[in-house]
Each structure stands twice: as structure tokens, then as C-alpha cells.
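The listed protein sequences correspond, in order, to chains A and B.
Be aware that the first sequence starts at 206, since it is given in the working numbering, and climbs by one per residue.
Be aware that the second sequence starts at 1168, since it is given in the working numbering, and climbs by one per residue.
Ideal placement from N, C-alpha and C gives every residue a C-beta, glycine not left out.
A quick write-up on the structure given underneath.
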Amino acid sequence: MRPFVKLFYFLLILLLSACANRPNVRTIPIEDFFKNPEKTSFKISPDGKYVSFLQPYRNRLNIFVQPIGGDQAVQLTADSDRNISYYFWANNDQLLYLKDKDGDENRRLFAVNRDGSNVRELIPDKDVRIRIIALDRIKNNQILLALNKRDSSIFDAYRLDILTGKISLVALNPGNITDWIADADGQLRAAVASDGVNTTVLYRTKENQKFRTLFSNNFKTSIKPLGFCKESDCMYALSNDGRDKTALVEIDCRTGKESRVIYSHPEVDVNDAGFSFKDRKLLFAEYTTWKNQRYYLDENAKKLFDDLNKLLPQTEIRIADRNLSEDQFIIRTYTDRSPGAFYLYQTKNKQLKQLALINPSLKSDELCEVRPVEYEATDGVTIHGYLTLPKGDQNKNLPVIVMPHSGPDSRNTWTYNAEVQFLANRGYAVFQMNFRGSRGYGKEFWSAGFKQWGGRIQQDITDGVHWLIKEGVADPKRIGIYGYSFGGYSALWGLCFQSDLYACGVSYSGLSNLYAYLKAIPPYYRPYRLMIEEMVGSPKQDAEYLQGSSPVFHTDKIKVPLLIAQGAKDQRVTVTETNQLVKELRKRKVKVTYLLKENEGHLFRNEENRLDFYDRLEKFLALHLKQQ
Amino acid sequence: MEAKKPLYRKNLSLVISFFILITISFVLAIVLAYNLTSKYVENEFSSNKIKVFEEVIKPYNDFFQNSVPEISYYQGYLDSASAAKYAKIVSDRYPFIEKVIFYDTEISNHPITDGFVVRNFSISPKAVYQFAAKNPEDSIVLFKNNQPNTLSLKTADEFNKMAIKFSSFIESLDTTKALSEDQIFSVFYSINPNRITYLNIPRREELGIFQDLMLKKAARSPVFEKDMFSFYLNPAKLALRNPHPELYQQIKIVPLVYELLTEEAEQFQTELALPGAFAGYKLYLSSSPKYLRQEINTRFLPIAGLLFLIYGILAALAYLIYRNLYINQQLFKLQYDFINNFSHEFKTPVSVIKVAGNNISNAAALSDKERQHYGRILDQEADKLNELMNKLLSFTQIENKSIEVKEVSINLKEFTENLIKAYHLNKPDFNINLNLSEPIPFKTDPVLLNIIFNNLMDNAYKYSEPERKVLDINIRKNDLKLILQFKDQGIGIEKADQQHIFKKFYRIESRYNQQGSVGLGLALCKELIKFMNGSIEVQSQPGKGTVFTIELPYQV
């Protein structure tokens, strides 16, 4: 950008922000929202003597360890190319971590000693992809991994000895196993097989036995094993077999039949359960209405949370980690207006100690309230969503950012969201909705999104925008649509087929070609292919729908300015595909700002790239939405 | 006087040489402008072909840049129905597409009957379809792999070429690197005369799989679908539009080897080879010399007009400057004459006075008769001088409008009779007849009127033969005007001189005015009459006489 253009934008933004009737609202710097957290991912060592966390070193997250009750943190790793994406304690003296290289999304497994010595890559073969089977507990320095060592499309189960680095085969994948499940002792007890449409859970009581089929279900029903019962031969699972809303159930492993419903909610799915590895029993069921809720199944667990709620009122609480004896907990808190903090909680003296604020530069009274809303879609179904209004006197006729979530089978919930708060701080109302196809509202609601990526799903989004206009919140001339991944697709779709509704759009790693999306399913996902075709569309039978719903074929309908962000190493939405889209748009003289980041994948992980993107986003939106 | 003549002639020669010069410049400019215009038109003729070319080739470029790569967007998923739809859209949009061959291609490591195999890697058409939007009866299935060994060589030629290219590309592919634009063009496009073949570009990870299929012995692989399209193009169907009809008489697409060898070869012609699949053809543009000349003339006319206008303005300016110079010279000449005459006028009385003075001072004694004689001479000459001075003075005054008209009521009859009587005393041979029946009362400045009468009477006397010194003065009046007519029988005035006689210092050279004339009298009369809001006219016949008619506004 030429300097005088920069200056022009600067002055424009200055002028516009001066015009905006928002007294006493501080413009919080972009960095404060999107910088790497100073300390995050706290974990506790199995013996409860050390606390570990991730902290930026040369702008990249690295592992640090400090003793409980001491302040001397030791830096274990010193990687300056990529963030460490995941780590955990292998035993009292060693930690394992995962890190990819230059955004290639192929995460490698490393080990490091508690004092920072002996950093080593455990599976050095670069062609092998690594999935960890049992993250929670490692028994006797043995970790269960699924590796595609033999065949790139088949993951066999291996046991890795962390001390020696030796791997040994535990179970051979006949080709249809997509998931392996271990019990609390680190024994490989169950496997999930799929032929693409039907999922079968295989089970054995001991590792030396053969797997036998426990039950089978179509992919449209989900039975997700969570863990195994303590005494009897049964397992806990989240199941929507025979019901619309997923419930927490117990399955008799002798018959493969559901023996009882432990908890179910009439309106929403149960999405998780708390489990004690020490006592091997269920603690609570978790479900999300407008926000996350808990149903306690254990008196001690209820007492623990009651105590915590007294210490941390009006705050959402999660248990992030615990030691082996389950008397020390890492607590993570959050609200809609605060990314929260990490605490250490010791049950014996009911002492709560703050370990770190996630983001000390943000003050919750400067951030905006996230309000749950609901509206009726054109076919009469109620759609739930969230509306975040900017601070200030005005709450009508606002510029609005419509922010469809990714997935599409994920959902928005009531939580702290940096993007939402950033946009609200800049004076936009932010509108999120759980359109058809979102998870959490039952099987029917979810499957209503099948082959509706360019249909019902988009109609729900459009209906939401019309509702927002009718309510008077949105200024119909200043509505922008911004989304990541599937949200980016929705943004592109909206600009193509609802071009009068939006003044501009932003697609961040958004897919533009459904054919390419189908083609992009990597070879090792091949079991999913038929399922994906049923959910997205079949290139043969649904050719017309796929062509009609892929924005790349309809660039002639886009009239308004567009910002496109893309990582050059993205494997899901390739740079070739996005280049094609940009080329088509430029040919048709659409104003396209194209942000291409060389070392990034689907999601920008490096801080400077993230900040650059949000900086461009802010300027782009200011230019096209702020003027009245 | 003779010495002055070359001066005037010098001006004239300057003017003439100026005229010659601008005329030469004008002619040169016209010639040059014509030549430049024709050069310019000829240049445009050869340079504007680019515009015609771009116009003609735009649909082809659109097709090549936009519609062909669109095949890749389908990622190999096209089948006969969707391919037919695609083929129809492009054929409708681009009339130069004759027919489209669609090879529904499969890539695998299976053994095949029809197709191309390198080691384990096989590329084979599942089916080959021909779509012809313009002749639907030509839309046929050329091959289907459920009837093995029926793939004809003709149907398979382009397919095999692409398969060879693609296979060798897969064999030597470095899967760690992204595809370059160069590779894409050389592998996935095949451009032949009037034919473009395109294979959809696989995703990067697919290329790696293909390489494994080729180089590694593996179990029976799944079938990977690819789409290959071959477009037959007809250059004759390219729409020819002439954005410069004034330059190009004819635009056509001809084979690259085409040469015009007939007598029409004298035509202006230019050409440009077509790109890509049309490389065997060129765009041929021609115009006859007559056609181009017309364009040259169209462009030249306004330029010529402008040049002519400039020339006209210069000529007009030159004429005006010359005329001003001429008038100034006339004026200069008159003043020169005036000074000449005037000094002569003064010289006579002065020399008479000097002689008289000398005689008086040299004479020993003066008789009474002599004294009276000299006294009269001195008196007369002094009067003459005085009169000269007065004339000059009053004229200057009148010219400067610095005298005032005194309005006195007079009786014209009495006033005129008195004048005639006085005149008779001096010039007894002058026969003046007054024709005025009734006494007319009149309000005027008698001094000024006196000068007018005196001057006209003087002239009548001066310019008459001694035996015909007759003047008739007619005075009459109507409602508004007093008309005074002075009619003599003198020598008359030539027609050419009549318009000049009222000019200052104008004097007709004749023997009648050898002395005592400065050419001021009539000019003074005219000025005075003008001053009194009247007018004076002259009618004259040379040898017969002259009539001066004065009209004065009548007031009592």
C-alpha cells in the first residue's frame, strides 16, 4: 500500500471513529485481543508437586515448569518456529508435546525431561502421522499411539515406550478402524470401525483377547464411548440411538445394549461427562443450553463445584487438570467478557491460588455483554444465537457483522470469544447463530443440514439477518459477513446469492468449491467418503446442487468488496483453489483484498500473521461499513 | 518631391514581399500537412491492427483463460450429463467451438484394454462423448469401456498424447514442490492447430498417489476420475468486428501462408498471426489506395481549412497595416505641402514689406504720392499676413473646438448685401447677384457666417475666367432649414477632386491658385458649417461652373 493511501485510511478511520457516537469507549489495541496468552495450558504433574504451563518465548509458546509453592519457573523448550500445540505429563519427570512444522498440520511428537534436558523426537519418520489414543493417563511410561506407518490410509495401534523410544504393535487395523479406545489402565479395550456409513464398536475385556462386535450404528446416530465402568462389564457412552437428543447412558458390554439412561435433557444434547480416573466413576453430565450447564452424579463432585462457586461467584468453571490422587486441581474460569484465569485448588485446605490471568490486558468492564437470542426461521423452526452489542448509548441501526460458525457441525456458545469482543469494541454488533446442521440441538436439527450447505443452512443465516433488520438493531446498509472455514464459505455464499443483503464480506480460509472440498478428503479419511457425500453431496448425483452452491462458479454475482485470507499450506482449502477464486473475482473487477500467508495452514497460528489479519480486517470493515 | 517617391515604393515592396513569403509558407504548409496526414493514416493503418486483433481474439482468450480452467473446478467429477451441460454452455458462448470431445477418464493401477499404461499406472477412457451444439445429430458416444477394444486410433489420438505427457510428468514429479505455472501449461494443456485439449489439474496430494501407483507395486487401487476435454475450434467462426472502418476496407482470417498475388497487390495490406490454437491463421487487413485516400482527405480538409484561415488573417493584417501606412504618408505629404505653401504665402507679403521698407529708408525724400503708395502697400500686406494668421488660428481653434458660437439675430438680406457691397469695392469686375426675395431673420454667429461667405466668394472669383467672374447667391428657406446656394461659372472641379476639396491642405494644382492659396478655405468652411450643425455639398461640371449648397438649421 502506498503511504498516502495508508494515511488516507488512517485519517478516514480517525474521522469515522470521531463521528461515532460512542463516548468513553476505549479502542483496545488489536494485540491485546489476539496476542499469544502470557501463560496458558496449565497442567499439574501426576504427583502434584509441579505445575507446568505454556508461555511465549520469542513469540512462540514453549513449556515451562515450576514447583507448587515456588516461583522459579524452568523453561523446558526453546522453539522459535512454531507454537507448541499440545503437551502433557508422561510421568513425574517427563513431558511429551506436539508441534507441527511451518503449518503443514503434521504434528510431530517430542519428549523432554522436567529440567529441560533430553529433548527428543519420538517418532522421527516424517511420513508417519501421529494420533495419541489415550491422552489422559500414561501407565508405566507406555503411551498408546495410532500411526499410519504401514499404509498411509490405515492407522494401527502401537505402544511407545517413552524411555527407550521403542514402539510395538498392539493391534493391527484391518483397514476399517477409525478410532481406538483405551481404558483407565492404558489397555486397548475398544475400537471404532467404520465402513463409511455404519459405525461398529468392537470390544474386548482384556488386551490379550480378540475384539468382538459390541454394537453397530449408522453414522446418523452417534454412540460415543467415554470410559469403562469400574466393576461390571459395562461402558459409559453418549448416545442418541433411539432418541433425538444425545443422553449419557450405560451400555452393557455383554449384550451391547443400552442398560440405562444416566442423564438426558429434553432440549439439548448431553455433550460431555466428568469422570474420575481414581474412583473410576462418573461425576457429572455436561450439556449446553444457552450456556454450559452441569448435572451432578456424585455428591463429592457437587460439593467441589459448590465450594468453587462460592470462591469464584458468577464465573464459569472448568477443571483443566488434576493430579493422580485427585486432591489438587487446575481450574480454568471464563465469562462472556473475560478469557478468565487459571487457579490451583487444593481440596484439603480449600485453598484457591491464582496461577495466571489468561489475558491481563483486557478488563471485563470494557468488553461487551454476549446476549442469547432466538428467532424463527422461514419454516417455523426456532434458531438460537448470540448478539453482542457494542458499548455506547446507541443500540439501534448499528453496523453489524454476521459471523456464521465453522463446521458446520459445531456450534456457538456463551463464552469469551476474542473475535466477537474485538469487533464489538470497534463498534459493530456481532451476530452469531446456530443454524441447521449445528451440533447440540439433537439429531434431527443436525441432520437437517445435510446437503443443505448452500440451502437451508444459508437460509437460516439469511433469516437471522432479516430478523435483525426487523428488530431495528441492524442498519440494512451496513451489514458485513465474516466467517472462518465453513463460515468463510457462508460469507462467500451470502455475497453470491444474497448480494443485496451485505455491504462487504470476509472469508478466512473459506472454501469456495464443494467439489474441491470433497476431493480434499485425504486418502486416510477414505472410510468417511460416503458419509461425507451424504452430508455434503455426491459429485455424481448432486452435480447440479454442488455446482449451484459453489461460489467459485458464481463469481459474476459478487458485487461488493471482499477480503480473503488464506494460508499457503492449508490442506483443507488449498491455496490453488483460493487463487482460482481470487483470479475469477479480479477478472470481474470485484475489489478483492487477498491476504496470503506463506507458513500458515487452515488457522493462522503465528502471532504476527494473526495480528496482521485482524489489522486488515479492522481496516477493511471500517472502510466499507462505518460510513453511513 | 521626386526624392520622396522611393520611400512610398519601399513600403509597397515590403508588403509585396511579405505577401509572397506568406503565400510560399502557405503552399509549403499545405503540402507538408498533406504528406504528414497521409503518413499518419498509413501508420495508423499498420498500428491499429492490434486493436482489431484484440477485438477479434478476445472471445478466444476468454475461453482459454476462463472457461477451460473451469473444468478443474469440477475436480474430475464430471459425467456425461454434467459434461454435456458444460459443453453446451461453452459452445453457446463461443461460436468458434465446433465440437467438444469429452474423455471421461479413469486413473488406476488396474489392467485395462483401451488406454495407456506405464508400469502399474493406467490411464483409460471410461467413455468418450462427442458434443456438437450446432449439429445435435453429431453428439454421439464414441466409445464406452464396456465394449473393450473398440477405441479407434482417431478417437484416441489426443487422449494418448495427453496420457503420455501426464505419465511422464508423474514419473519425474517432485511431490514436495507445488506445481509451477509452466508445468501446468505444458502438462495439462495441449494446443494444436484448431484444437485445444485440457486435462483437469489434480490436487497435489493426488499427484503423490499417482506417483506411488506408477512406481510402487500395490494392491488394487481405487479408481481416480479425471476429466479430459478436447475442443475443436473453427477460426472462420471468430466474430470479425471492425472498430476502424475508416482505415480497413476488408478484414478477414486467412491461412498463415496466404499471399495476395493478383494485380490488387498494390493495395495497402497488413497482417497479424493469430495465437494459440489458431496459429495456422492470420488476421489479414487490407484497403485500396483510393479508400485510404478518402480517409486522408477527410482528415486533411480541416487542417487545410485552418491553414487557409491563418493565411487569410495574415493577409488581412498586412493589408490593414499597409493602408494605415499609406494614409499616414498622405497626411505627411499634405502637411509637407502645407508648410511649403504657407511659407511661400508668408514670403510674398514679407518680401513686399521688406522691399517697401528698403525703398522708404533708401529714398532721400518721399513724395506724398509715394508715401501713400508705400503706406497702402504696407497696410495691404499686413492685412494679408493678418488674414493668413487669422485663417490659421481660427482653423486650429475650430479643430480644437475652442471657439464659442455667438448667437446674434441678423437680417440675412441686409447682411449679404453689405458683404457684396464691400466686395465690389475691392473687385469691381466681380458680378454677384443675390437672389433673396424677402428679408429672412436669422440667428447665428455673423463672424463665422462672414468667413464662410468670404471664402466661397473668394473661391468663385479665384477660379473663374476674367470674363466670366459671375456668382449667383440663392438663399431660401423651408420649415427647418436655411439653404444657401453659391453658383459660379468658373472652371469647375474634376469629379475625382470633388471628394477631396473639403480636406485640409488639399489644393488643386492649377494656374488659378498660383498665389495666396493654402488649401484651407473649403476645409475651414466645412469645419465651421459642421460646427453650426449644418452641411455642405458640391456639384460641379469642369469648364461650366460649380455650385456649393449649404444647409443650416433654421432658427429665429
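Under the Cβ criterion (8 Å, minimum of three pairs), the stretch 1326-1335 of chain B counts as touching the stretch 1347-1364 of chain B. Setting aside the 5 residues that flank it on each side, Y1448 (chain B) is surrounded in the same chain by P1402, I1420, V1421, P1422, L1423, A1440 and L1441, each with a C-beta closer than 8 Å to its C-beta; the list follows chain order. Going by C-alpha positions, E1338 (chain B) is about 38 Å away from A396 (chain A).
DSSP lists A:Y302 as the beta-bridge partner residues of Y292 (chain A).
Interface annotation, R1370 (chain B): in contact with chain A, CB-CB separation under 8 Å. Taking all protein chains in view, the Cβ of G1710 (chain B) is surrounded by fewer than 16 other Cβ atoms within 10 Å, so the residue is classified as exposed. DSSP places K794 (chain A) in the coil class of the three-state scheme, outside both helix and strand.
Taking 8 Å as the CB threshold, N1316 (chain B) stays off the interface with chain A. Taking a contact as a CB-CB distance under 8 Å, the pair F1269 (chain B) and F1396 (chain B) counts as one, their CB atoms being some 6 Å apart.
Residue B:S1275 holds the alpha-carbon nearest to the alpha-carbon of K1393 (chain B) among B:K1610, B:S1275, B:K1225 and B:E1426. Counting only Cβ-Cβ distances below 8 Å, S1249 (chain B) has contacts in chain A at A748, E749 and Q752, in chain order. Secondary-structure assignment with DSSP links N422 (chain A) through a beta bridge to A:T404. Less than 8 Å divides the Cβ of N423 (chain A) from the Cβ of N403 (chain A). In the assembly as shown, A582 (chain A) is a buried residue. Its beta-carbon has 16 or more other beta-carbons within 10 Å. In the DSSP annotation of this structure, the continuous segment of the alpha helix (DSSP H) that includes D1379 (chain B) starts and ends at R1371 to L1382. For the C-beta of T779 (chain A), the chain B residues within less than 8 Å are, from N- to C-terminus, R1370 and R1371. F1391 (chain B) and E1273 (chain B) have their C-alpha atoms spaced approximately 6 Å apart. With a threshold of 8 Å between beta carbons, N718 (chain A) makes contact with chain B. For Y1241 (chain B), the neighbours in chain A by C-beta distance under 7 Å run, in chain order, Y720. V765 (chain A) is positioned such that its CB atom lies no closer than 8 Å to that of S712 (chain A).
Excluding the 5 residues flanking it on each side, T1322 (chain B) has same chain C-beta neighbours closer than 7 Å at V1295, L1309 and F1310, in chain order. When 8 Å is used as the limit between beta carbons, F758 (chain A) is near these residues of chain B: E1237 and Y1240, in chain order. Here DSSP, grouped into helix, strand and coil, assigns D237 (chain A) to helix. Counting of Cβ neighbours within 10 angstroms places V1194 (chain B) among the exposed residues, the total staying below 16.
By the rule that beta-carbons nearer than 8 Å mark a contact, D1246 (chain B) touches chain A. The Cβ neighbour count for I763 (chain A), taken over all protein chains shown within 10 Å, is at least 16; the residue is labelled buried. Residue environment analysis places K371 (chain A) among the exposed positions, since fewer than 16 neighbouring C-beta atoms fall within 10 angstroms of its C-beta. If the five residues before and after A283 (chain A) are omitted, its C-beta is found closer than 7 Å to the C-beta atoms of Y262 and N267, all from its own chain and listed in chain order.
In the displayed model, C434 (chain A) falls within coil according to three-state DSSP, outside both helix and strand.
Taking all protein chains shown into account, D388 (chain A) has 16 or more neighbouring C-beta atoms within 10 Å of its C-beta and is therefore buried. In the DSSP assignment, P272 (chain A) forms a beta bridge with A:Y255. Taking 8 Å as the threshold, the shortest C-beta distance from N1233 (chain B) to chain A falls below it. Residues of chain B with a Cβ closer than 9 Å to the Cβ of P329 (chain A) do not exist, since the nearest Cβ in that chain sits about 18 Å away. Contact check for T798 (chain A) against F825 (chain A) passes: the beta carbons are separated by less than 8 Å. Around the Cβ of A1483 (chain B), a 10 Å sphere holds fewer than 16 other Cβ atoms; the residue is exposed. For the pair L1400 (chain B) and I1264 (chain B), the CB atoms are nearer than the 8 Å cut-off.
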